[in-house]
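Chains as they are written, first to last, in this note's numbering: chain A, 111 to 386; chain B, 103 to 439.
Rendered as structure tokens:
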């Protein structure tokens, strides 16, 4: 089988495990970084891993594309250290405030600037907006078919793939051919980390930074200007409850709890047997 | 930009719902959207139309009309019995371009979250994901409210110019309307031949997961465990409690990673939204990414050995203690009833 040209879409995001440090300013509707560390969006790591596994099977190139600000650079170098061959990064103030449509348009122009490709992989959802929309919309802009929420990809022939996707309560499998875009879930693989040889090799790999003009993108088509939707307000969800702590020994606390639940009618009518 | 991005947004009328079906029955998520669609439509002086795509789906029309659809567009064809991204998107896009609804709602299910962005991109219109609330502004424009940053914030979004205004709607949030079979509506059959020609892949079918018990979104009682529940013994204890209460089991990301729970048992922003009558959060710290998943539960009971755990702020009752001591006592007391 012939080698494949795989493109991986990657997004640098605030670390989901440190989400307490990220603040969305309600006045300006922008992120106040407050020193929140950034990571490669977790599912994009799965996408990169899948690309690298395909490369070890078929040979070819793994090229990362991304759109963002300078704060993403460390994560992009990390992608090279993990094993990507090249990174192509669209960094332009005109791209700020983009909704998924404008993001897809920008990424499509970036992908087109690379010449041909066989397969595009991306994480099914990112942290932050977590819409899961950019993958399908990018595929639309590139004029290629797409499949979302994939948990397994296997090649059935040189150009043919069998893709398993996950939905509620089941899996849906499709046969498709290249070129194709697939968005992946955590189930698809276990991402490799960064190795010392990888870090050393990354130093001589291409990290190309471009502006809109470099790739023929009209600033009016990207960022807030090119977006069909806009955020007008942000607020905190209301989730507080009465929070009554039941004191005493475990026995006493449980006794009070059951009495209260029974009083409210919240306990199910029949308490069953313990099933083994 | 495409034609749909032009001014003259007043020419776009109607609130549409993509009523996803499986096996010839509309999903709960579809019926949930009918309630919010009906409310929006009545405020706008517009009609609700439902769109059904599949095979053997005639029965869906009656159910949708009974829940407020003034019209049901039915695309029924043997080749549509499985979801196909190309054919389904083409059917929706063709209809929307002719009928021009001002709002199009799609459930945020696995297929819905694939179909909606495809349709939105083709129409050059705006789409907001995973909305948990929908409202109208002073000008009758749709306000789409959805959690961002893992549920930490609620963002309100607007699609000021492009039409239709699209949103995917989070399952398990809006009420399911009861059926009123005295209601009347029209059924309009859709010609699928052109969309079917646009298929670029082949569906090999849907394989259901062999999962025991009720799906979490339908459970009346849920016993959930988090990182604080240790090992198989810990989970067995929770299973015993659940068995006594007739409850379903769920939890947070760490037990899914450790293999004690399946992905579809994960409750929260990137998992399922539930609204049980009674919810036990055991060994769960109360990170917002999880707590948004059970915000609609009637009564929440938290058991955690850390008195400072945020879970206690979002629980109705809290017991500070080691679940390995508390849960056996709870089981004993419940059996004695």
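A virtual CB, placed ideally from N, CA and C, is assigned to each residue, including glycine.
At the 8 Å Cβ level, is residue 223/B part of the contact set with chain A, yes or no? yes
Which residues DSSP lists as bridging residue 114/B, in chain order: Per DSSP, residue 114/B has no beta-bridge partner at all.
Which of the three DSSP states is assigned to residue 199/A in this structure? Strand.
Indicate whether at least one CB of chain B lies closer than 8 Å to the CB of residue 344/A. yes
Quick one: is residue 339/A near chain B, going by C-beta distance under 8 Å? Yes, because at least one Cβ of chain B sits closer than 8 Å to the Cβ of residue 339/A.
Run through DSSP, which three-state label would residue 322/B get? coil
Quick one: residues in its chain with C-beta nearer than 6 Å to the C-beta of residue 219/A, no 5 flanking neighbours on either side, listed in chain order? 325 and 327
Starting from the Cα of residue 215/B, find the closest Cα among 360/A, 154/A, 299/A and 210/A and give me that residue. 210/A
Which residue's Cα is closest to the Cα of residue 393/B: 168/B, 316/B and 253/B? 253/B
Give the range of the alpha helix (DSSP H) segment to which residue 392/B is assigned. For residue 392/B, the uninterrupted alpha helix (DSSP H) segment begins and ends at 390 to 393.
Nearest to residue 266/B by alpha carbon, out of 243/B, 288/B and 278/B? 243/B
Is DSSP giving residue 335/B helix, strand or coil here? If DSSP states are grouped into helix, strand and coil, residue 335/B belongs with the helices.
Note down, in chain order, all residues in the region 401 to 422 of chain B with a beta-carbon under 7 Å from any beta-carbon belonging to chain A. 401, 402, 403, 414, 415, 416, 417, 418, 419, 420, 421 and 422
Counting Cβ pairs, one atom from each stretch, are 3 or more of them under 8 Å apart for the region 422 to 432 of chain B and the region 359 to 377 of chain A? yes
Neighbour flag for residue 265/A against chain B, beta carbons, 8 Å: no
Which bits of chain A does residue 180/B rub up against, with CB to CB less than 7 Å? Under the 7 Å cutoff, chain A gives no residues; its nearest Cβ is about 17 Å from residue 180/B.
In terms of alpha-carbon separation, which member of 250/A, 279/A, 287/A and 276/A lies closest to residue 267/A? Selection 250/A, 279/A, 287/A and 276/A evaluated against residue 267/A yields 287/A as nearest (Cα-Cα).
Suppose contacts are defined by Cβ-Cβ distances below 8 Å. Is residue 423/B in contact with residue 369/A by that definition? Inclusion of residue 423/B and residue 369/A in the CB contact set at 8 Å is not warranted, their separation being larger than that value.
Extent of the continuous alpha helix (DSSP H) to which residue 372/A belongs: It spans 360 to 374 - the alpha helix (DSSP H) in which residue 372/A sits, taken as one unbroken run.
Is the region 345 to 360 of chain B touching the region 398 to 412 of chain B, taking contact as three or more C-beta pairs under 8 Å? no
Give the residues of chain A in contact with residue 305/B, contact being defined as C-beta atoms less than 9 Å apart. 282, 283, 284 and 285
If we require 4 or more residues per run, which alpha helix (DSSP H) segments fall completely within the region 204 to 251 of chain B? 214 to 225
Mind checking who residue 145/B pairs with in its DSSP beta bridge? None, per the DSSP bridge assignment.
Within this structure, are the beta carbons of residue 236/B and residue 210/B separated by less than 8 Å? The answer is no: Cβ separation not under 8 Å.
Straight-line Cα distance separating residue 386/B from residue 341/B: 16 Å
Check the DSSP bridge columns for residue 288/B and list the partner residues they point to. DSSP, once it has assigned bridges, lists 173/B as partnering residue 288/B.
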